[in-house]
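For reference, the structure is listed below as structure tokens.
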Amino acid sequence: MSEATATAGALERLSEEGVSIWLDDLSRRRIESGNLAGLVETRHVVGVTTNPSIFQAAIGSGEGYEEQLADLAVRGVTVDEAVRMMTTADVRAAADVLRPVYEATGGRDGRVSIEVDPRLAHDTAATVAEARQLAWLVDRPNVMIKIPATRAGLPAITEVVGAGISVNVTLIFSLERYREVMDAYLAGLEKARAADLDLSRIHSVASFFVSRVDSEIDKRLTLLGSDEALALKGRAALANARLAYAEYEQVFGSADGSTAPGERFAALAGAAANRQRPLWASTGVKDPAYKDTLYVDELVAPGTVNTMPEGTLNATADHGAITGDTVTGGYARARADLAAVERLGISYDEVVQQLEDEGVAKFEAAWQDLLDAVTKSLDSKGVDAE
Numbered sequence: 063m064s065e066a067t068a069t070a071g072a073l074e075r076l077s078e079e080g081v082s083i084w085l086d087d088l089s090r091r092r093i094e095s096g097n098l099a100g101l102v103e104t105r106h107v108v109g110v111t112t113n114p115s116i117f118q119a120a121i122g123s124g125e126g127y128e129e130q131l132a133d134l135a136v137r138g139v140t141v142d143e144a145v146r147m148m149t150t151a152d153v154r155a156a157a158d159v160l161r162p163v164y165e166a167t168g169g170r171d172g173r174v175s176i177e178v179d180p181r182l183a184h185d186t187a188a189t190v191a192e193a194r195q196l197a198w199l200v201d202r203p204n205v206m207i208k209i210p211a212t213r214a215g216l217p218a219i220t221e222v223v224g225a226g227i228s229v230n231v232t233l234i235f236s237l238e239r240y241r242e243v244m245d246a247y248l249a250g251l252e253k254a255r256a257a258d259l260d261l262s263r264i265h266s267v268a269s270f271f272v273s274r275v276d277s278e279i280d281k282r283l284t285l286l287g288s289d290e291a292l293a294l295k296g297r298a299a300l301a302n303a304r305l306a307y308a309e310y311e312q313v314f315g316s317a318d319g320s321t322a323p324g325e326r327f328a329a330l331a332g333a334a335a336n337r338q339r340p341l342w343a344s345t346g347v348k349d350p351a352y353k354d355t356l357y358v359d360e361l362v363a364p365g366t367v368n369t370m371p372e373g374t375l376n377a378t379a380d381h382g383a384i385t386g387d388t389v390t391g392g393y394a395r396a397r398a399d400l401a402a403v404e405r406l407g408i409s410y411d412e413v414v415q416q417l418e419d420e421g422v423a424k425f426e427a428a429w430q431d432l433l434d435a436v437t438k439s440l441d442s443k444g445v446d447a448e
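The opening residue of the sequence shown carries number 63 in the numbering used here; numbering runs sequentially from there.
Written as structure tokens, this is what we have:
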């Protein structure tokens, strides 16, 4: 087997198993250099996700943004407007690169996600307004608006989906919150149907975060230090994600038809509604003791998305072990693993709430860093950015 064939093999097998590979990164340099188009062509990438941290890294570097920054400075725009003009320009360009994939898959893939301002995570009305504005600014049918799965985000999901806008629900850590996210999506579809919108054009993914669960629970297991505790390291995140997929099957049905969809979605499916696919996010391994493709190899299931940073994408291409479905046969083990963690005194509910709070805070901090960097750039050109 040639090196090129071997490189493509694991990613091709992953795609054949029904997993859509999305890249968890975007920058103007990646678009303009042809790198993104190359990943679509050679790495089976069929979508892109962004978040405030990704844009902070891309725009904060300044590379590729000099001309637009100069134009924005001449216009005397506010820093918030400057950031939105740059981020939506990147998403619009990436959406154009992915447009053939969108067309070929009937809208299922070829998607590019952009997140609402993270400072609005606890404000429902502002999140809805921001989502509408982003959809208008990007103005591409294959855009997805990312809304965090906070308490305030849930009704926003319903309103935005109800307006016919495709949504990527982000920062999901708990099974309970995931069930609420699916309910919010179904409510949005029902609202859209009542408004006579075409449900077939509305797509959604639910981004269930993986590695951060292990990072927090492993830290607590290490502090306990017993043989039983240490034996559970690296198992909670996979267990949590697998049980999320079990919840997905209860609502939307299984790929093989062994589990029928719930009555609520079955009624919507009759109007051509789409399932809200689970998306595995935060799939880069944080602990170097674990295989770097752990959260790819062990989360293979039909009808899912795995969004990977480029390092994980390349590692999977190089030495990923894709052996078929590694999710649906593991529900009993997953329940046992999470129960074992609870028996050791580690509260699942406490951990997932902490991770949600930290996730929102990290994105807010990254967004502020981005605003600060852009403010500095505008000021350096003799423009007041306030």
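Quick reminder that beta carbons are idealized off the backbone N, C-alpha and C, glycines included.
All values reported here derive from a predicted model rather than from experimental measurement.
Which of helix, strand or coil DSSP assigns to residue i
i, result
"valine 362", "coil"
"phenylalanine 271", "strand"
"alanine 343", "strand"
"glycine 109", "strand"
"leucine 258", "Per the sequence presented here, residue 258 reads as aspartate, with leucine not at that position. In this structure, aspartate 258 counts as coil in the three-state DSSP scheme."
"aspartate 185", "coil"
"isoleucine 116", "helix"
"glycine 332", "coil"
"lysine 348", "coil"
"tyrosine 393", "helix"
"alanine 317", "coil"
"tyrosine 127", "coil"
"glutamate 242", "helix"
"serine 277", "helix"
"arginine 170", "coil"
"threonine 212", "coil"
"arginine 202", "coil"
"alanine 322", "coil"
Residue span of the alpha helix (DSSP H) that contains residue i, given as start and end
i, result
"valine 153", "141-166"
"tyrosine 310", "298-314"
"isoleucine 219", "215-224"
"glycine 71", "65-78"
"tyrosine 410", "410-442"
"threonine 104", "97-104"
"isoleucine 93", "90-94"
"alanine 383", "Premise fails: alanine 383 is in no alpha helix (DSSP H) and is neither H nor E."
"aspartate 289", "289-293"
Paired residues, beta bridge with residue i - DSSP
i, result
"asparagine 368", "Ile83, Trp342"
"glycine 122", "None, per the DSSP bridge assignment."
"isoleucine 207", "Ile176, Val229"
"serine 266", "Val229, Gln338"
Boundaries of the beta strand (DSSP E) in which residue i is found, first to last residue
i, result
"threonine 232", "229-234"
Candidates the options: closest to residue i by CA position
i, options, result
"glutamate 404", "Arg297, Arg75, Thr366, Glu420", "Arg297"
"valine 153", "Ala428, Ala187, Met206", "Met206"
"alanine 306", "Asn376, Tyr240, Thr167, Ala379", "Tyr240"
"alanine 396", "Leu300, Val178, Leu440", "Leu300"
"valine 422", "Ile209, Leu375, Arg263, Ile408", "Ile209"
"alanine 257", "Gly226, Ala197, His265", "Gly226"
"threonine 104", "Leu248, Tyr410, Ile83", "Ile83"
"valine 413", "Ile234, Pro114, Glu372", "Ile234"
"valine 145", "Leu285, Ala183, Ile116, Val163", "Ile116"
"glycine 287", "Ile408, Thr345, Val178", "Ile408"
Contacting residues, own chain, Cβ-Cβ under 6 Å from residue i (five flanking each side not counted)
i, result
"alanine 435", "Gly122"
"glycine 224", "Gly250, Lys253, Ala254"
"glutamine 430", "none"
Nonlocal neighbours in the same chain, by C-beta distance under 7 Å from residue i, ignoring five residues either side
i, result
"leucine 261", "Leu251, Ala254, Arg255, Leu330, Ala333, Ala334, Ala335"
"threonine 385", "none"
"threonine 186", "Ala214, Pro217, Ala218"
Chain-order list of residues whose beta-carbon lies under 8 Å from that of residue i (same chain, five-residue window excluded)
i, result
"glycine 80", "Ala317, Ala363, Pro364, Gly365, Thr366"
"asparagine 97", "Arg91"
The ligand ATP heavy atom lying under 6 Å from the CB of residue i
i, result
"asparagine 368", "Absent from the structure shown: the ligand ATP. Ligands present: none."
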